[in-house]
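Enquirer: Here the numbering used here runs 580 ahead of the position in the sequence shown, where the first position is 1. For every residue, glycine included, the Cβ atom is placed at its ideal position computed from N, Cα and C.
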Amino acid sequence: MKVAVIGGTGYVGLVTGIGLASVGHNVICADIDEGKICDLNKGILPIYEKGLIKLLKKARKKNAITFTTSVASAVKSSNIIIVAVGTPENRYGDADMSQIFKALKAIAANINSYKVIAVKSTVPVGTCEMAESVISDNLTDMNKHFDVVSNPEFLREGSAVKDFLYPDRIVVGASSTRALEMMQKLYSYFDCPFVSMDQKSSEMVKYACNSYLAARLSFINEISEISGSVGADIKMVIEGMKYDERIGGHYLNPGPGFGGPCLSKDVKSLISFSRRSNADTSVLSAVLARNKIQIDNIVSNVDECITDRKNAKVAILGLSFKANTDDMRNSPSIWLVKALIDNGYDNIRVYDPIVKNIKHRINDFVIHCNSIEDAARDCDCLIIMTEWTHFKNMELDAVYNVMSSPYIIDTRNILDSNKANETGFVYIGNGIRKKAIEKTILPTSVNA
Ligand code: UGA
581 MKVAVIGGTG
591 YVGLVTGIGL
601 ASVGHNVICA
611 DIDEGKICDL
621 NKGILPIYEK
631 GLIKLLKKAR
641 KKNAITFTTS
651 VASAVKSSNI
661 IIVAVGTPEN
671 RYGDADMSQI
681 FKALKAIAAN
691 INSYKVIAVK
701 STVPVGTCEM
711 AESVISDNLT
721 DMNKHFDVVS
731 NPEFLREGSA
741 VKDFLYPDRI
751 VVGASSTRAL
761 EMMQKLYSYF
771 DCPFVSMDQK
781 SSEMVKYACN
791 SYLAARLSFI
801 NEISEISGSV
811 GADIKMVIEG
821 MKYDERIGGH
831 YLNPGPGFGG
841 PCLSKDVKSL
851 ISFSRRSNAD
861 TSVLSAVLAR
871 NKIQIDNIVS
881 NVDECITDRK
891 NAKVAILGLS
901 FKANTDDMRN
911 SPSIWLVKAL
921 IDNGYDNIRV
931 YDPIVKNIKH
941 RINDFVIHCN
951 SIEDAARDCD
961 CLIIMTEWTH
971 FKNMELDAVY
981 NVMSSPYIID
991 TRNILDSNKA
1001 NETGFVYIGN
1011 GIRKKAIEKT
1021 ILPTSVNA
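Right under this line is the structure:
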């Protein structure tokens, strides 16, 4: 099929466009960013995403994908137009719909035959209906027909290629059989349930999924704090929970709080449009409130390790909001840097194996280091924020030897606490803190 992707250089647009081209469709990705389009036509990706470059090469080799700045040509030459522009959070916590409106108007002006417009961007419930009116109002040829469908995406950064090629399900919300059949054909390559419904329910599925994941994370982060404070071990608690088929083991790893461009933005947007319908959102509000507490707790842990904030050196490992991506949007590491600075910590060293050249994006006083040891040198406290394998496999002795004080705060529980303690570190895990500290302190007090 001939497919246009509007917003085709963004995260979702790019993975979707390249993914559809790799499974046999003819794709044109359109975007206003000339630099990115130029690079993509040379085979250069604007983002770091595992496996995507290989897929792009495959698609380019088959001449199945092109990149253009012309929405007009993309729309005119396609049967299905996927809208994947950004809907970032505005200052009121709503989704900023300006790029959606712009895309819809541009599509309307270039409809030259029957088109299916598939909204993949995460948009408030009711947007597809609104899109139909916007397009109708801006059609240049009133005899041309179109349908708008909702087609939410469930791609995770870092595993987006795998998520695209092996989806759990495909959700399409449509009010027309013709459009639904075309969407079925578009996704016929994929061996997974194709779930069709009305447009509004489909739009709601996306918010429900991201909010559920966020709720699960806030829940486990709270259970982790409680576990640590009563002397239980969250890792063991999770072991005991995850075999319950009703619960499962996904999204149960405690961390520094959920970050990234989607979860909190979508929970906020859901709260915002739900309130306009007078629906209660107390659970969703609690999910966000709990997420904020995570950073306060890390700062409290640092405070417990440090006696002189002004002269203390703190190292942060990991800048992206999670491993396997270079995306720093809404990254808990950046929240932590800000919180530490606000609390009087002036000497902060950071290291990330992928994110580079970030000085201007954080703070002039933050030193960007080239390795774990470089970041840890003369530091009093090392904080692991991102679960990179590189950090998991760090040479504990080498790191210990360059540090001034032995404190290590592992917000992701990726290190072996016994090994860290044996090396000489005072290991502070997430939800296992009390136990680890007792183990370290006990021999000294016995000796005394
Ligand atoms: C999320 C959803 O998982 C995707 O399904 C959705 O398509 C996407 O948003 C979107 O709306 O575009 P993503 O933002 O890539 O994907 O991030 P996740 O992998 O869901 O992680 C979100 C945050 O939760 C990260 O900060 C991560 O470190 C944290 N997390 C995740 C944990 O702290 N513990 C876990 O067990 C899992």
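Alpha carbon to alpha carbon, how far is Thr1003 from Ile988?
Expert: 11 Å
Enquirer: Could you tell me the distance, in whole angstroms, from the CA atom of Gly1009 to the CA atom of Val882?
Expert: 12 Å
Enquirer: Quick one: what does DSSP say Ala698 is sitting in, helix, strand or coil?
Expert: strand
Enquirer: Hey, out of Met710, Tyr672, Pro834 and Arg957, whose CA is closest to Gly808's CA?
Expert: Pro834
Enquirer: In angstroms, rounded to a whole number, what distance separates the CA positions of Thr922 and Arg889?
Expert: This sequence places Asp at residue 922; Thr is not what is there. Asp922 and Arg889: Cα-Cα distance of roughly 11 Å.
Enquirer: Is it true that the CB of Gly753 sits closer than 8 Å to the CB of Val729?
Expert: Yes, the pair counts as a contact, with Cβ atoms nearer than the cut-off.
Enquirer: Across the region 901 to 909 and the region 860 to 880, are there enough close Cβ pairs to call them in contact, namely three or more that are closer than 8 Å?
Expert: Contact between the region 901 to 909 and the region 860 to 880 is absent, because fewer than three Cβ pairs lie under 8 Å.
Enquirer: Please determine, among Phe744, Ala919, Asn801 and Thr720, the residue with the shortest C-alpha to C-alpha distance to Lys685.
Expert: Nearest of Phe744, Ala919, Asn801 and Thr720 to Lys685, Cα basis: Thr720.
Enquirer: Suppose only complete runs of 3+ residues qualify. What are the beta strand (DSSP E) ranges in the region 810 to 862, listed by chain order?
Expert: Correct list: empty.
Enquirer: Flag this pair as yes or no: are the beta carbons of Leu832 and Met816 separated by less than 8 Å?
Expert: With a cutoff of 8 Å on beta-carbon distance, Leu832 and Met816 are scored as not near each other.
Enquirer: What first and last residue would you give for the alpha helix (DSSP H) that runs through Phe971?
Expert: Where Phe971 is concerned, the enclosing alpha helix (DSSP H) stretches over Thr969 to Lys972.
Enquirer: Within a Cβ cutoff of 6 Å, which residues of the same chain sit near Ala955, ignoring the five residues on either side of it in sequence?
Expert: Ala895, Arg929, Tyr931 and Cys949
Enquirer: Whole-angstrom Cβ separation of Asp674 and Ser852, contact assumed at under 8 Å?
Expert: Asp674 to Ser852, Cβ: 5 Å. Contact.
Enquirer: When you measure from the CB of Pro841 to every non-hydrogen atom of the ligand UGA, does any distance come out below 7 Å?
Expert: Checking every heavy atom of the ligand UGA against the Cβ of Pro841, one is found closer than 7 Å.
Enquirer: Can you tell which of Glu733, Asp977, Met965 and Phe945 has the C-alpha that lies nearest to the C-alpha of Glu953?
Expert: Asp977
Enquirer: Taking Cβ positions, are Ile1012 and Asp813 nearer each other than 8 Å?
Expert: yes
Enquirer: To the nearest angstrom, how far is the alpha carbon of Ile670 from that of Ile586?
Expert: As written in the sequence, residue 670 is Asn, which differs from the Ile given in the question. Distance between the alpha carbons of Asn670 and Ile586 is about 21 Å.
Enquirer: Is the region 652 to 662 touching the region 596 to 613, taking contact as three or more C-beta pairs under 8 Å?
Expert: A contact exists between the region 652 to 662 and the region 596 to 613.
Enquirer: Relative to the C-alpha of Ser646, which residue among Glu629, Tyr672 and Lys616 is closest?
Expert: Just to set this straight, residue 646 is Thr in the shown sequence, not Ser. Per the Cα distances, Lys616.
Enquirer: Looking only at DSSP bridge pairs, what is Gly753 linked to?
Expert: Ser730 and Met777
Enquirer: Along the chain, where does the alpha helix (DSSP H) that runs through Arg527 open and close?
Expert: Only positions 581 to 1028 of the chain appear in the structure, and residue 527 is not among them; the question remains open.
Enquirer: Let me confirm a value: Gly924 is counted as buried when at least 16 other C-beta atoms fall within 10 Å, else exposed. Which label applies?
Expert: exposed
Enquirer: Measuring CA to CA, which of Lys972, Asp613 and Ala644 is closest to Gly597?
Expert: Ala644
Enquirer: Looking at the structure shown, is Ile989 part of a helix, part of a strand, or coil, going by DSSP?
Expert: Strand at Ile989.
Enquirer: Taking Ile715 as the reference, which of Arg736, Val703 and Ile691 has the closest Cα?
Expert: Ile691
Enquirer: Quick check: Cys961 and Ser985, are their CB atoms within less than 8 Å of each other?
Expert: Against a cut-off of 8 Å, the Cβ pair of Ser985 and Cys961 comes out as a contact.
Enquirer: Report, in whole angstroms, the separation of the C-beta atoms of Ser658 and Val583, which I expect to be a contact under 8 Å.
Expert: 6 Å
Enquirer: Fully enclosed by the region 652 to 697, which beta strand (DSSP E) runs are 3 residues long or longer?
Expert: 660 to 663
Enquirer: Just checking my contact of Thr966 with Ser900 at CB under 8 Å: how many whole Å lie between their CB atoms?
Expert: That pair is a contact at about 6 Å.
Enquirer: Using CA coordinates, which residue listed in Ser791, Val810 and Glu884 is at the minimum distance from Leu843?
Expert: For the residues Ser791, Val810 and Glu884, the minimum Cα distance to Leu843 belongs to Ser791.
Enquirer: Is Thr589 buried or exposed, if buried means 16 or more other CB atoms sit within 10 Å of its CB?
Expert: buried
Enquirer: First and last residue of the alpha helix (DSSP H) that includes Ile886?
Expert: First-last for Ile886: undefined, no H or E at that position.
Enquirer: So if DSSP puts Arg929 in a beta bridge, which residue, or which two residues, is it bridged to?
Expert: Ala895 and Ile947
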